[in-house]
Structures are given as C-alpha cells and as structure tokens.
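Just so you know, the sequence shown maps onto residues 195 to 458 in my numbering. Virtual Cβ for every residue (Gly too), placed ideally from N, Cα, C. Have a look at the structure below before the remarks.
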Amino acid sequence: MPVRRDIGKYATQARSYDRTRGASPTLVRVLARFLGPPDDRALLDIGGGTGNYGQALRARGFRVVVLDTEPAMLALSVPKVGAGRQIVGDALAMPIADASVDCAMVVAALHLVGGRPSAMREARRVIRDGPFVLQDFTQENLEPSFVYEYFAGSRPPEHEHPPEGDILRDLSEAGFSRVAHERFVYLDTADANLQALHTDALRLAGSAYLRNTSFFQRLPEAVRLEGLARLAADLRSGRLEERVRASFQEAIRTGHGTVFAAWP
C-alpha cells in the first residue's frame with residue numbers, strides 16, 4: 195500500500211486481513227472486462243497487498259506482479275501469484291523500468307495516496323499498451339454511505355474521494371489518450387471493505403469486519419467503541435437493516451464504487 199499519513203497499520207493488519215478481505219467477484223468481472231484478453235500479458239497490481247485481486251486475474255491468464263510498500267502483506271501474496279513476483283515499492287516512485295509491463299491496476303488504494311496525479315503518471319510510465327485500470331470510491335459513490343454518522347469525525351476529506359470528473363481529468367492530464375469509466379454495485383461481501391459492508395447489516399455492525407478496514411484503523415479507540423455500540427443498538431432495533439436497504443437503493447444510482455480505465 196502506498197504510504198500516506200496513518201492510512202492503516204498494515205504490518206500488524208496483515209495477520210488478519212485475509213479473514214474478511216478477498217477478491218469481490220462483482221468487481222473482478224468489471225476489472226477483467228476493462229483489462230481485456232489476458233494473452234499471457236504482464237499485469238502490475240499496484241498497492242496489491244496480499245494479492246487477492248492479483249490472484250483472481252492470474253486465474254484468468256495474466257502474469258501478475260504485486261507491488262506494495264508493506265513486506266508483511268506481500269509475503270501473503272506468494273502462494274497466490276507465485277514466488278519472485280513481489281516488489282516492495284511506493285506507487286509514487288515505483289522501482290520499475292519504463293514500459294516494462296503490459297498493463298496495470300490499482301484496486302481501492304489510490305485514495306490512500308497523497309499524490310494521486312503523480313501515481314497516475316507513474317502508472318502511465320511503466321505500462322506499454324495498457325490499459326491502466328483504477329478502482330476507487332468517488333464523492334458520488336459515498337453519497338449513500340451512512341456509517342460515518344456512527345463514528346464522530348470519521349467522514350474522509352473530499353480530496354481522498356474526489357468527484358468522478360476530477361479523476362477523469364487527472365487521468366487525461368497524466369498522459370492517457372483515452373479514458374472510460376463504469377460505476378458498479380457490490381453484490382457480495384467477499385471483499386468486506388467499507389462500501390461492500392453497507393450491503394449487510396450484520397457484517398457492518400461486526401467489529402471483526404470493520405477492524406480490517408483502513409477507515410476503522412484510523413479512528414481513536416474511544417470513537418471506535420462508541421460507534422460500535424451505536425451500530426449494535428441499531429442492529430437490535432432493526433433500524434440498521436432499514437438503513438442498509440435504503441442505502442442499497444440509492445447505490446443503484448450512485449454506485450458503490452467506480453472503475454476507470456485509461457489507455458496510452
């Protein structure tokens with residue numbers, strides 16, 4: 195994961211990460227469609243952590259290399275993508291030669307990078323024909339997300355989750371000649387990130403799931419405890435189920451996340 199402030203204690207989180215964080219079949223289908231035919235192409239998984247999405251794309255025929263700043267996370271990717279296919283490095287200055295991979299992707303990680311445009315330029319530098327596929331959560335995607343109301347002061351700043359149009363502009367300014375995008379709705383919780391958890395009241399109220407999100411890792415302990423207690427109370431009353439249903443209906447319009455694809 196690219197380094198930025200207190201984004202999450204990934205060295206310690208590595209031990210429990212894969213218990214709740216796999217590769218979402220919903221998202222993998224969208225990623226694969228944008229990436230195109232595998233044809234044994236080299237795919238760089240930037241900020242790929244334990245290699246869950248890399249593993250899913252490897253199963254489809256890509257030759258996957260995972261880049262991450264956290265060695266403890268990368269170690270868990272070895273049985274998934276193979277030994278010797280891990281690179282310790284930062285998305286803002288990747289230790290990779292120009293035009294040395296066919297395509298690249300970054301899944302739910304760019305909002306953790308302090309210099310988003312720089313990371314995009316780095317991706318443009320290292321790929322050949324592309325595409326560079328980016329999945330993240332935009333300002334529009336977060337509109338139905340209500341969990342922030344349970345944890346005081348937890349709503350992320352806009353620069354971490356900018357409007358869709360800003361990301362499209364940044365990709366064009368990074369040197370990509372063609373850009374496309376698609377919003378999607380989670381139909382599973384295989385990757386129990388904060389947005390996917392909004393589809394399941396029981397998991398959203400469960401500390402084991404929230405603790406494996408960078409959102410939760412950043413919160414003071416007192417805020418965590420108070421928020422969990424409030425979620426538990428609403429789960430018991432049935433209010434949380436109602437909020438989840440309403441949020442899902444709104445997400446049909448906004449999407450839970452957005453996939454962007456950019457070609458040189």
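**Study point:** Meets three-Cβ-pair contact criterion under 8 Å: the stretch 419-430 and the stretch 366-373
**Key:** Short answer: they don't touch.
Review point. Among P265, D382, V341 and H305, which residue has its Cα nearest to the Cα of A440?
Key: V341
Review point. Would you say L261 and G283 are within 7 Å of each other, going by their C-beta atoms?
Key: yes
**Study point:** Opposing strand residues paired with T452 [DSSP bridges]
**Key:** D330 and R377
**Study point:** Where H353 falls, given that 16 or more other Cβ within 10 Å makes a residue buried
**Key:** exposed
Check your understanding: If you draw a straight line from the C-alpha of R363 to the C-alpha of R315, how long is it?
Key -> 13 Å
Practice item. Would you kindly work out how many angstroms separate the C-alpha atoms of N406 and M288, rounded to a whole number? Key: 26 Å
Check your understanding: With a CB to CB cut of under 7 Å and the five nearest residues on each side skipped, what residues in its chain are close to P325?
Key -> F228, L229, C297, A455, A456 and W457
**Study point:** Nearest-angstrom Cα separation, counted from L237 out to A291
**Key:** 14 Å
Review point. For N335 versus T452, is the C-beta distance shorter than 7 Å?
Key: yes
Review point. In this structure, does DSSP put L237 in helix, strand or coil?
Key: strand
Check your understanding: If you count every other CB in all the chains shown that lies within 10 Å of the CB of Q443, and 16 or more means buried, which is it?
Key -> exposed
Review point. What residues in its chain sit with their C-beta under 7 Å from that of V197, if we drop five residues either side in the sequence?
Key: Note that V197 has pLDDT 35, beneath the 50 cutoff, so the model's placement of it is unreliable and the number below is only indicative. Excluding sequence neighbours, V197 sits near T263 and D284.
**Study point:** Beta-carbon contacts of T220 that lie in its chain and below 7 Å, excluding the five residues immediately before and after
**Key:** F378, Y380, L381 and D382
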